[in-house]
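Working notes, beginning with the structure itself.
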């Protein structure tokens, strides 16, 4: 099943069921007005939403044309957004550039940060930031959970996964060093994220959803040029079940919580991988290619994003169909205050 | 104006207007069913809520008896909960115990962490945790904002403050060192917080609300014995205007965002203050008294909380009236999984 949220209808938008091919949609006010409302009562709403979905796919319901540009993030605001760093290659790469070791515990204890969730950027909206902040994207896979009990096992946590989305976890690289040096983690350096227009139930991925991981390439274009295509199922040290269980160790998790994978990153038979131009699968953030350049050439060559730069993030099924629709964020430095 | 949320009525509870003396209340479904809904349209709802408040206080409306034990946190779940560390004495004290300096930047750049907000503990509910996690309370003052624009000045941010609450920012001290060593800030070590039964508008504090600080003693009892009574207006290095502006530097803030002061802590004419027994104003968390004991005696003497321990947090106006009602959390280690 595929769901999206149109911007119209207030702060939390309007929930629509979207056809599998992303061409048509149908609002479902009699079932749930918003995605959060649907998730709050998933046992009651999910069967009805699925009926609408099947009717849309079969043509029994015509629906309306689906316009990704009219969408907000599926949850325009959420109660929880926690992001992991499950692709340790990303951590290894960054540390390699500064000759630091990766602590052994990082391979058994997930690295996660608490993100802010009170407002997200729309999938096709601008990212407003100052160029001196070092504007970067991070392409990731995320899940949306139902209620999760405190102390849930990874298996219990995995069974509470309701939806899957993509995200552009916007990162302000030049604000990170000072902020992390203060010891309390990210804050200003992790502004609002942008999620894919469409959220899908795990069954929608078929065999590509296995062991609570998404086994498909994540496609990233920068200004129209392919920048990365790593497989999100490879080199993911922690499954989404493990990530959700980590979050729930000392607290319950509310339905509608979003948990992210961290920047997708493949080892590519070496520690630091390679760019698409060099025959590799490339990267899902500028920081990695800049680190690669630092290792190879002594200093970064690729600049961070500036006014007008566009990042595109999407994922296709085996038949070439876009699963989640397309995130396409343009940077706007002129409006930053 | 005083507002609270009864547990009945779903995940976000039922908004009630509470009389100034906390004896009576009135649900206001025709104005707003939940506090978040009221904050989402504050310009529209606030005048109507005030009418109900005045009518309750004057006796024109009788209302129903107000039972603090029936309350959830005013926002049972929120879209944003960010906590500062505005009382640098707390930081100085902790660092003094390990002979570390406080960086000069800490006096001009607020230290804040991104908290989790998908579910809070009720004001009279139990804190479920394992004793080996090192269960501590932190008594703080918090504000709830309206919408705040990215890049807002401290003055603009202060003018967006809608409500004030108290909080028990539960902290799991023994999980903190390993978590902070990983570099991404708190996560498992900061489980769900518990807020005061009642949220009040700033005007309710009269002269005690000045320069976006609350100039009243914060009263903390541990197992019925006075543990702390520091003045929340003293030694607060950053005002709530500055804290909110810090949060909004790189992102907009959504109505209903909760911003905390950090553990209230007074210098008491010395670097590390003193306990109530020693004639001081005491502390707002066990970590501080343990640090004081470490400085004075070489090691901590006061244990962290265990099963059945009770922390009580409240604040009184000049006339002795409880402003926010009472947070009273009992620790339950038996239910922790």
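Chains as they are written, first to last, in full-length UniProt numbering: chain A, 1 to 337; chain B, 1 to 337. Note that the Cβ used here is the ideal one computed from N, Cα and C, for glycine as well. Note that the structure is a prediction, hence the values are computed from the model and not measured.
Give me the Cα-Cα distance between residue 176 of chain A and residue 183 of chain A, rounded to the nearest whole angstrom.
11 Å
Verify the CB distance criterion: does residue 212 of chain B have a CB-CB separation below 8 Å to chain C?
This model lacks chain C altogether; the protein chains it does include are A and B.
When you compare the CB of residue 128 of chain B with every CB in chain A, is at least one pair closer than 8 Å?
It does: the Cβ of residue 128 of chain B has a partner Cβ on chain A nearer than 8 Å.
Does the CB of residue 177 of chain A have a neighbour CB from chain B at under 8 Å?
no
Extent of the continuous alpha helix (DSSP H) run through residue 48 of chain A
42-58
In terms of residues, what are the limits of the beta strand (DSSP E) holding residue 226 of chain B?
225-228
Quick check: residue 151 of chain A and residue 337 of chain B, are their CB atoms within less than 8 Å of each other?
Yes, they are a contact pair.
Could you tell me whether the Cβ of residue 111 of chain B comes closer than 8 Å to any Cβ of chain A?
yes
Roughly how many whole angstroms lie between the Cα atoms of residue 223 of chain B and residue 307 of chain B?
12 Å
If the criterion is Cβ atoms closer than 8 Å, does the pair residue 251 of chain B and residue 116 of chain A meet it?
Yes, the Cβ-Cβ distance between residue 251 of chain B and residue 116 of chain A is below 8 Å.
Along chain A, in chain order, which residues have C-beta atoms closer than 9 Å to that of residue 80 of chain B?
77, 116, 117, 118, 119
For residue 345 of chain A and chain B, any beta-carbon pair shorter than 8 Å?
What is shown of chain A runs 1 to 337, which leaves residue 345 of chain A out entirely.
Give the range of the beta strand (DSSP E) segment to which residue 113 of chain B is assigned.
112-114
From the beta carbon of residue 321 of chain B, is the nearest beta carbon of chain A less than 8 Å away?
no
Please identify the residue among A:25, A:274, A:97, A:187 whose C-alpha is closest to the C-alpha of residue 113 of chain A.
A:187
C-beta neighbour in chain B for residue 253 of chain A, strict 8 Å:
yes
State the start and end residues of the unbroken alpha helix (DSSP H) segment that holds residue 89 of chain A.
88-97
Have a look at B:328, B:237, B:299, B:321 and flag the residue whose alpha-carbon is nearest the alpha-carbon of residue 89 of chain B.
B:237
Closest residue to residue 110 of chain A among B:86, B:181, B:169 (Cα-Cα distance)
Taking the Cα of residue 110 of chain A as reference, the smallest distance to any Cα among B:86, B:181, B:169 is reached at B:181.
Looking only at DSSP bridge pairs, what is residue 81 of chain B linked to?
B:258
What residue range is occupied by the uninterrupted beta strand (DSSP E) comprising residue 3 of chain A?
The continuous beta strand (DSSP E) containing residue 3 of chain A extends over residues 2-6.
Could you compute how far the alpha carbon of residue 288 of chain A sits from the alpha carbon of residue 121 of chain B?
40 Å
If you count every other CB in all the chains shown that lies within 10 Å of the CB of residue 107 of chain B, and 16 or more means buried, which is it?
exposed
Residue 97 of chain A touches chain B at which residues, Cβ-Cβ below 9 Å?
Under the 9 Å cutoff, chain B gives no residues; its nearest Cβ is about 16 Å from residue 97 of chain A.
Closer than 8 Å, Cβ to Cβ, to anything on chain B: give me those residues from the region 238-250 of chain A, in chain order.
246, 247, 249, 250
Restricting to runs no shorter than 4 residues, where is the alpha helix (DSSP H) found entirely within the region 122-203 of chain B?
Counting only runs of 4 or more, we get 154-159, 176-181.
Using the Cβ count rule (16 or more neighbours within 10 Å means buried), how would you classify residue 80 of chain A?
buried
On the premise that residue 84 of chain B lies in contact with residue 259 of chain B, defined as a C-beta separation below 8 Å, what is that separation, rounded to the nearest angstrom?
Between residue 259 of chain B and residue 84 of chain B the beta-carbon gap is near 7 Å, inside 8 Å, which marks them as a contact.
Residue 94 of chain A to residue 316 of chain A, Cα distance in whole Å?
28 Å
Could you run through the region 143-165 of chain A and flag, in chain order, every residue whose CB is less than 7 Å away from some CB of chain B?
150, 151
Listed by chain order, chain B residues near residue 337 of chain A by CB distance under 9 Å:
149, 150, 151, 152
Would you mind telling me which residues of chain B sit closer than 7 Å to residue 183 of chain A, beta carbon to beta carbon, in chain order?
Per Cβ cutoff of 7 Å: 180.
Should residue 98 of chain A be labelled buried (16 or more other beta-carbon atoms within 10 Å of its own) or exposed?
exposed
Which partner residues does residue 323 of chain A have in the DSSP bridge list?
Bridge partners of residue 323 of chain A: none, in fact.
Return the residue from the list B:225, B:309, B:33 that minimises the CA-CA distance to residue 276 of chain B.
B:225
Three-state secondary structure (DSSP) of residue 314 of chain A:
strand
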